[in-house]
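Under this note's numbering, the first residue of the sequence shown is numbered -15, with each subsequent residue one higher. Worksheet for the structure shown next.
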Amino acid sequence: MAGQTMVATNHPPAYKIKKMTWLAHLKANKIKYLMLAPFILLFIVFYIIPVLSSFVLSFTYYNMLQPPRWVGLTNYKILFLEDDIFLISLKNTFAFAIVTGPLSYLLSFFFAWIISNLRFSNAFALAFYAPSITSSIALSVVWTYIFSGDRYGLINKFFIDSGIIDTPIIWLANPDYMLYVVMFVSLWMSMGSGFLVFLAGLRNVPQDLYEAGSIDGIRNKFQEMWMITLPMMKPQLLFGAVMSIVASFAVFDIAVVLTGMPSPNYAAHTIVSHLYDYAFIRFELGYASAISVVLFLLTFTLGRISMRMFSSKDE
(Lines of atoms letter the chains of each structure in order from A and count residues from 1; the text may use other names and numbers.)
(Lines give C-alpha, C1' and ligand atoms only; values in the text may rest on other atoms or scores of the structure.)
Protein backbone atom coordinates (compact mmCIF):
# COMPACT_ATOMS: atom_id res chain seq x y z
CA MET A 1 0.00 0.00 0.00
CA ALA A 2 2.80 2.36 0.88
CA GLY A 3 4.54 1.66 -2.40
CA GLN A 4 1.36 2.24 -4.32
CA THR A 5 0.81 5.52 -2.50
CA MET A 6 4.37 6.66 -3.26
CA VAL A 7 3.87 5.91 -6.98
CA ALA A 8 0.58 7.76 -7.04
CA THR A 9 2.03 10.88 -5.44
CA ASN A 10 4.83 11.02 -8.02
CA HIS A 11 2.37 11.65 -10.91
CA PRO A 12 1.84 15.31 -11.87
CA PRO A 13 -1.64 16.80 -11.43
CA ALA A 14 -4.24 16.25 -14.14
CA TYR A 15 -4.20 19.88 -15.33
CA LYS A 16 -0.42 19.71 -15.84
CA ILE A 17 -0.78 16.52 -17.87
CA LYS A 18 -3.42 18.21 -20.03
CA LYS A 19 -1.17 21.24 -20.48
CA MET A 20 1.80 19.07 -21.41
CA THR A 21 -0.33 17.13 -23.90
CA TRP A 22 -1.55 20.37 -25.52
CA LEU A 23 1.97 21.77 -25.75
CA ALA A 24 3.23 18.54 -27.28
CA HIS A 25 0.37 18.59 -29.79
CA LEU A 26 1.06 22.23 -30.65
CA LYS A 27 4.77 21.55 -31.08
CA ALA A 28 4.15 18.53 -33.28
CA ASN A 29 1.70 20.41 -35.53
CA LYS A 30 3.22 23.90 -35.48
CA ILE A 31 3.57 24.02 -39.28
CA LYS A 32 -0.13 23.24 -39.72
CA TYR A 33 -1.19 25.94 -37.25
CA LEU A 34 1.20 28.38 -38.88
CA MET A 35 -0.44 27.80 -42.25
CA LEU A 36 -3.88 28.17 -40.66
CA ALA A 37 -2.90 31.43 -38.95
CA PRO A 38 -3.91 33.81 -41.81
CA PHE A 39 -7.39 32.29 -42.06
CA ILE A 40 -7.83 32.24 -38.28
CA LEU A 41 -6.77 35.88 -38.06
CA LEU A 42 -9.16 36.97 -40.81
CA PHE A 43 -11.96 34.87 -39.31
CA ILE A 44 -11.49 36.52 -35.92
CA VAL A 45 -11.28 40.05 -37.37
CA PHE A 46 -14.22 39.80 -39.81
CA TYR A 47 -16.50 37.31 -38.05
CA ILE A 48 -15.86 36.84 -34.33
CA ILE A 49 -15.20 40.49 -33.45
CA PRO A 50 -18.21 41.87 -35.42
CA VAL A 51 -20.53 39.30 -33.82
CA LEU A 52 -19.30 40.13 -30.33
CA SER A 53 -19.46 43.87 -31.06
CA SER A 54 -23.03 43.53 -32.30
CA PHE A 55 -23.95 41.62 -29.16
CA VAL A 56 -22.51 44.36 -26.95
CA LEU A 57 -24.09 47.17 -28.99
CA SER A 58 -27.51 45.51 -28.68
CA PHE A 59 -27.54 46.63 -25.03
CA THR A 60 -26.82 50.26 -25.93
CA TYR A 61 -28.35 53.23 -27.73
CA TYR A 62 -25.97 54.13 -30.56
CA ASN A 63 -26.68 56.48 -33.46
CA MET A 64 -23.11 56.80 -34.90
CA LEU A 65 -22.97 60.48 -33.86
CA GLN A 66 -22.73 59.99 -30.10
CA PRO A 67 -20.88 57.41 -28.02
CA PRO A 68 -22.89 54.28 -27.22
CA ARG A 69 -25.08 54.70 -24.13
CA TRP A 70 -25.88 51.62 -22.04
CA VAL A 71 -29.63 50.88 -21.91
CA GLY A 72 -29.62 47.26 -20.78
CA LEU A 73 -32.50 45.13 -22.07
CA THR A 74 -34.51 48.11 -23.30
CA ASN A 75 -33.91 47.33 -26.98
CA TYR A 76 -35.14 43.75 -26.54
CA LYS A 77 -38.18 44.87 -24.55
CA ILE A 78 -39.15 47.33 -27.27
CA LEU A 79 -38.43 44.73 -29.93
CA PHE A 80 -40.80 42.07 -28.58
CA LEU A 81 -43.35 44.15 -26.64
CA GLU A 82 -43.77 47.41 -28.55
CA ASP A 83 -42.47 47.00 -32.10
CA ASP A 84 -45.47 45.66 -34.01
CA ILE A 85 -43.61 45.92 -37.32
CA PHE A 86 -40.90 43.58 -36.02
CA LEU A 87 -43.55 41.02 -35.06
CA ILE A 88 -44.99 41.27 -38.58
CA SER A 89 -41.51 40.81 -40.08
CA LEU A 90 -40.91 37.85 -37.75
CA LYS A 91 -44.16 36.23 -38.88
CA ASN A 92 -43.34 36.86 -42.57
CA THR A 93 -39.82 35.50 -42.18
CA PHE A 94 -41.01 32.33 -40.45
CA ALA A 95 -43.69 31.82 -43.11
CA PHE A 96 -41.09 32.32 -45.80
CA ALA A 97 -38.57 30.01 -44.08
CA ILE A 98 -41.12 27.24 -43.42
CA VAL A 99 -42.14 27.19 -47.09
CA THR A 100 -38.95 27.95 -48.99
CA GLY A 101 -36.41 26.34 -46.64
CA PRO A 102 -37.60 22.72 -46.85
CA LEU A 103 -38.81 23.12 -50.44
CA SER A 104 -35.51 24.55 -51.73
CA TYR A 105 -33.64 21.83 -49.82
CA LEU A 106 -35.74 19.00 -51.23
CA LEU A 107 -35.81 20.45 -54.75
CA SER A 108 -32.04 20.93 -54.76
CA PHE A 109 -31.48 17.31 -53.78
CA PHE A 110 -34.18 15.99 -56.12
CA PHE A 111 -32.90 17.82 -59.19
CA ALA A 112 -29.29 16.94 -58.33
CA TRP A 113 -30.33 13.29 -58.06
CA ILE A 114 -32.13 13.43 -61.42
CA ILE A 115 -29.29 15.27 -63.17
CA SER A 116 -26.62 12.90 -61.83
CA ASN A 117 -28.24 10.08 -63.80
CA LEU A 118 -28.46 12.00 -67.09
CA ARG A 119 -26.00 11.88 -69.95
CA PHE A 120 -25.31 15.61 -70.26
CA SER A 121 -25.35 16.27 -66.54
CA ASN A 122 -22.86 19.16 -66.63
CA ALA A 123 -24.99 21.19 -69.04
CA PHE A 124 -28.12 20.63 -66.95
CA ALA A 125 -26.20 21.50 -63.78
CA LEU A 126 -25.10 24.81 -65.31
CA ALA A 127 -28.67 25.59 -66.37
CA PHE A 128 -29.97 25.03 -62.84
CA TYR A 129 -27.07 26.80 -61.13
CA ALA A 130 -26.94 29.89 -63.36
CA PRO A 131 -29.87 31.79 -61.74
CA SER A 132 -28.22 31.63 -58.32
CA ILE A 133 -25.04 33.37 -59.53
CA THR A 134 -26.89 36.00 -61.55
CA SER A 135 -27.49 39.36 -59.90
CA SER A 136 -30.74 39.27 -57.95
CA ILE A 137 -31.40 42.87 -58.99
CA ALA A 138 -31.20 41.98 -62.69
CA LEU A 139 -33.40 38.93 -62.25
CA SER A 140 -35.90 40.96 -60.26
CA VAL A 141 -36.33 43.28 -63.25
CA VAL A 142 -37.29 40.25 -65.34
CA TRP A 143 -39.70 38.95 -62.73
CA THR A 144 -41.19 42.43 -62.27
CA TYR A 145 -42.17 42.32 -65.95
CA ILE A 146 -43.54 38.78 -65.62
CA PHE A 147 -45.67 39.74 -62.59
CA SER A 148 -46.56 43.20 -63.87
CA GLY A 149 -49.94 44.39 -62.61
CA ASP A 150 -51.31 45.44 -66.02
CA ARG A 151 -52.57 43.41 -68.97
CA TYR A 152 -49.10 43.26 -70.48
CA GLY A 153 -47.61 41.30 -67.61
CA LEU A 154 -46.97 37.74 -68.78
CA ILE A 155 -48.84 36.08 -65.91
CA ASN A 156 -51.88 38.38 -66.21
CA LYS A 157 -51.93 38.02 -70.00
CA PHE A 158 -51.88 34.24 -69.75
CA PHE A 159 -54.70 34.18 -67.17
CA ILE A 160 -56.83 36.67 -69.12
CA ASP A 161 -56.34 34.83 -72.42
CA SER A 162 -57.21 31.56 -70.68
CA GLY A 163 -60.39 33.05 -69.20
CA ILE A 164 -59.28 32.47 -65.62
CA ILE A 165 -59.53 36.16 -64.65
CA ASP A 166 -61.27 39.21 -66.17
CA THR A 167 -59.18 42.00 -64.68
CA PRO A 168 -55.42 42.09 -64.09
CA ILE A 169 -54.10 41.17 -60.66
CA ILE A 170 -51.67 43.61 -59.07
CA TRP A 171 -49.28 40.90 -57.94
CA LEU A 172 -46.52 43.08 -56.49
CA ALA A 173 -48.71 45.63 -54.68
CA ASN A 174 -51.49 43.43 -53.30
CA PRO A 175 -50.68 42.27 -49.74
CA ASP A 176 -52.55 39.02 -50.42
CA TYR A 177 -50.12 37.93 -53.16
CA MET A 178 -46.77 39.64 -52.79
CA LEU A 179 -45.23 37.28 -50.22
CA TYR A 180 -46.12 34.28 -52.38
CA VAL A 181 -44.49 35.95 -55.39
CA VAL A 182 -41.30 36.50 -53.37
CA MET A 183 -41.38 32.84 -52.28
CA PHE A 184 -41.76 31.66 -55.88
CA VAL A 185 -38.90 33.78 -57.20
CA SER A 186 -36.65 32.77 -54.29
CA LEU A 187 -37.34 29.09 -54.95
CA TRP A 188 -36.44 29.60 -58.59
CA MET A 189 -33.10 31.09 -57.53
CA SER A 190 -32.40 28.56 -54.75
CA MET A 191 -30.31 26.09 -56.79
CA GLY A 192 -27.03 27.45 -55.47
CA SER A 193 -24.09 26.00 -53.61
CA GLY A 194 -26.25 23.41 -51.86
CA PHE A 195 -27.33 22.05 -55.24
CA LEU A 196 -23.71 21.73 -56.40
CA VAL A 197 -22.68 20.03 -53.15
CA PHE A 198 -25.52 17.52 -53.52
CA LEU A 199 -24.46 16.84 -57.11
CA ALA A 200 -20.83 16.33 -56.07
CA GLY A 201 -21.89 14.06 -53.20
CA LEU A 202 -24.02 11.92 -55.51
CA ARG A 203 -21.12 11.51 -57.92
CA ASN A 204 -18.75 10.47 -55.14
CA VAL A 205 -20.84 7.60 -53.82
CA PRO A 206 -18.85 4.42 -54.67
CA GLN A 207 -20.49 2.42 -57.43
CA ASP A 208 -19.45 -0.79 -55.67
CA LEU A 209 -22.09 -0.09 -53.04
CA TYR A 210 -24.84 0.00 -55.66
CA GLU A 211 -23.59 -3.27 -57.13
CA ALA A 212 -23.53 -4.87 -53.68
CA GLY A 213 -27.01 -3.49 -53.01
CA SER A 214 -28.40 -5.02 -56.19
CA ILE A 215 -26.98 -8.37 -55.12
CA ASP A 216 -28.59 -7.98 -51.67
CA GLY A 217 -32.04 -7.32 -53.11
CA ILE A 218 -32.30 -3.61 -53.96
CA ARG A 219 -34.42 -3.40 -57.09
CA ASN A 220 -35.04 0.29 -57.96
CA LYS A 221 -33.53 3.77 -57.73
CA PHE A 222 -35.67 4.86 -54.80
CA GLN A 223 -34.45 1.96 -52.66
CA GLU A 224 -30.88 2.81 -53.67
CA MET A 225 -31.41 6.42 -52.65
CA TRP A 226 -32.95 5.55 -49.26
CA MET A 227 -30.63 2.70 -48.26
CA ILE A 228 -27.31 3.72 -49.86
CA THR A 229 -27.21 7.29 -51.16
CA LEU A 230 -28.67 9.19 -48.19
CA PRO A 231 -26.52 7.43 -45.52
CA MET A 232 -23.39 8.12 -47.60
CA MET A 233 -24.24 11.82 -48.05
CA LYS A 234 -24.67 12.99 -44.47
CA PRO A 235 -21.95 15.70 -44.71
CA GLN A 236 -23.48 17.09 -47.90
CA LEU A 237 -26.99 16.90 -46.44
CA LEU A 238 -25.81 18.83 -43.39
CA PHE A 239 -24.20 21.53 -45.52
CA GLY A 240 -27.31 21.86 -47.67
CA ALA A 241 -29.55 22.12 -44.60
CA VAL A 242 -27.45 24.89 -43.04
CA MET A 243 -27.30 26.81 -46.33
CA SER A 244 -31.07 26.51 -46.80
CA ILE A 245 -31.73 27.77 -43.27
CA VAL A 246 -29.41 30.75 -43.66
CA ALA A 247 -30.81 31.64 -47.09
CA SER A 248 -34.44 31.39 -45.98
CA PHE A 249 -33.92 33.67 -42.96
CA ALA A 250 -31.68 36.12 -44.84
CA VAL A 251 -34.15 37.00 -47.62
CA PHE A 252 -33.93 40.71 -48.37
CA ASP A 253 -32.92 41.95 -51.81
CA ILE A 254 -35.54 40.01 -53.78
CA ALA A 255 -38.34 41.18 -51.46
CA VAL A 256 -37.19 44.80 -51.56
CA VAL A 257 -36.76 45.00 -55.33
CA LEU A 258 -40.06 43.27 -56.10
CA THR A 259 -42.32 44.86 -53.48
CA GLY A 260 -40.48 47.99 -52.33
CA MET A 261 -39.36 49.03 -48.88
CA PRO A 262 -41.49 49.07 -46.92
CA SER A 263 -43.90 46.85 -48.81
CA PRO A 264 -47.63 47.69 -48.72
CA ASN A 265 -49.00 46.88 -45.26
CA TYR A 266 -45.58 45.35 -44.55
CA ALA A 267 -46.86 42.17 -46.21
CA ALA A 268 -43.38 41.20 -47.48
CA HIS A 269 -41.35 42.87 -44.71
CA THR A 270 -38.69 40.50 -43.32
CA ILE A 271 -36.32 40.56 -40.36
CA VAL A 272 -33.39 41.60 -42.55
CA SER A 273 -35.52 44.37 -44.06
CA HIS A 274 -36.32 45.59 -40.55
CA LEU A 275 -32.64 45.42 -39.62
CA TYR A 276 -31.65 47.38 -42.73
CA ASP A 277 -34.30 50.01 -41.99
CA TYR A 278 -32.99 50.75 -38.50
CA ALA A 279 -29.29 50.34 -39.34
CA PHE A 280 -28.90 52.24 -42.62
CA ILE A 281 -31.95 54.49 -42.84
CA ARG A 282 -32.63 55.50 -39.23
CA PHE A 283 -29.05 54.89 -38.02
CA GLU A 284 -30.23 53.36 -34.72
CA LEU A 285 -27.42 50.84 -34.62
CA GLY A 286 -28.05 49.67 -31.08
CA TYR A 287 -31.59 48.64 -31.91
CA ALA A 288 -30.46 47.15 -35.23
CA SER A 289 -27.85 45.12 -33.33
CA ALA A 290 -30.60 43.68 -31.14
CA ILE A 291 -32.46 42.59 -34.28
CA SER A 292 -29.28 41.02 -35.65
CA VAL A 293 -28.71 39.12 -32.39
CA VAL A 294 -32.22 37.67 -32.55
CA LEU A 295 -31.64 36.64 -36.18
CA PHE A 296 -28.26 35.12 -35.28
CA LEU A 297 -29.77 33.08 -32.44
CA LEU A 298 -32.56 31.80 -34.69
CA THR A 299 -30.22 30.63 -37.44
CA PHE A 300 -27.65 29.28 -34.96
CA THR A 301 -30.28 27.23 -33.10
CA LEU A 302 -31.73 25.77 -36.28
CA GLY A 303 -28.21 25.06 -37.55
CA ARG A 304 -27.39 23.13 -34.39
CA ILE A 305 -30.61 21.13 -34.76
CA SER A 306 -29.59 20.29 -38.32
CA MET A 307 -26.17 19.17 -37.12
CA ARG A 308 -27.76 16.85 -34.57
CA MET A 309 -30.06 15.40 -37.26
CA PHE A 310 -27.42 14.76 -39.94
CA SER A 311 -24.32 14.01 -37.88
CA SER A 312 -23.23 10.39 -37.57
CA LYS A 313 -23.75 8.68 -34.22
CA ASP A 314 -20.07 7.76 -34.00
CA GLU A 315 -18.91 11.39 -34.40
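Using N, Cα and C, we set each Cβ at its ideal position, and we do this for glycine too.
With a 10 Å radius around the Cβ and a threshold of 16 neighbouring Cβ atoms, Asp67 comes out buried. Collapsing the DSSP output to three states places Trp6 in a helix. According to the DSSP assignment, Glu195 belongs to the alpha helix (DSSP H) that extends over 191 to 200. Boundaries of the alpha helix (DSSP H) around Thr77: 68 to 100. By the Cβ rule, the region 96 to 108 does not count as touching the region 149 to 159, because fewer than three pairs are nearer than 8 angstroms.
Proximity of the region 32 to 44 to the region 260 to 278 meets the contact definition, three or more beta-carbon pairs being nearer than 8 angstroms. Taking a cut-off of 8 angstroms on C-beta distances, the region 240 to 254 touches the region 110 to 126, as three or more cross pairs fall below it. With 16 or more other Cβ atoms inside 10 Å of its own Cβ, Asn76 counts as buried.
Taking 8 angstroms as the upper bound for CB-CB distance, Ser177 and Met209 are not in contact here, some 21 angstroms apart. By the Cβ-count criterion, Tyr129 is exposed, with fewer than 16 other Cβ atoms from all chains shown falling within 10 Å of its own Cβ. A contact is defined here as three or more CB-CB pairs under 8 angstroms, and the region 164 to 177 meets this definition with respect to the region 105 to 120. In the three-state reduction of the DSSP assignment, Arg53 falls in the strand class, which pools E and B. Thr58 sits in a helix when the DSSP states are folded into three classes.
Pairing Met291 with Pro215, the inter-Cα distance amounts to about 14 angstroms. Contact fails between the region 135 to 145 and the region 185 to 199, because fewer than three Cβ pairs, one in each stretch, are under 8 angstroms apart. Look at Thr151 here: in three-state DSSP terms it is coil, with no helix or strand label. In the same chain as Ile229, and ignoring 5 residues on each side of it, the C-beta atoms closer than 7 angstroms to its own belong to Gly85, Thr283, Leu286, Gly287, Ser290, in chain order. Within the same chain, and ignoring the five residues on either side of Tyr89 in sequence, the residues whose Cβ sits closer than 8 angstroms to its Cβ are Gly178, Gly224, Ala225, Ser228. Nearest neighbour of Ser170 by Cα position, chosen from Thr58, Pro190, Asp160, Val83, turns out to be Val83.
For the pair Leu7 and Phe267, the Cα-to-Cα distance works out to about 47 angstroms. For Ala231, the number of other beta carbons within 10 angstroms of its own is at least 16, and it is reported as buried. The secondary-structure analysis by DSSP pairs Thr44 across a beta bridge with Trp54. In this structure, Ala109 sits away from Val166, with a CB-CB distance that is not shorter than 8 angstroms.
In the three-state scheme derived from DSSP, where H, G and I count as helix and E and B as strand, Asp160 is classed as coil.
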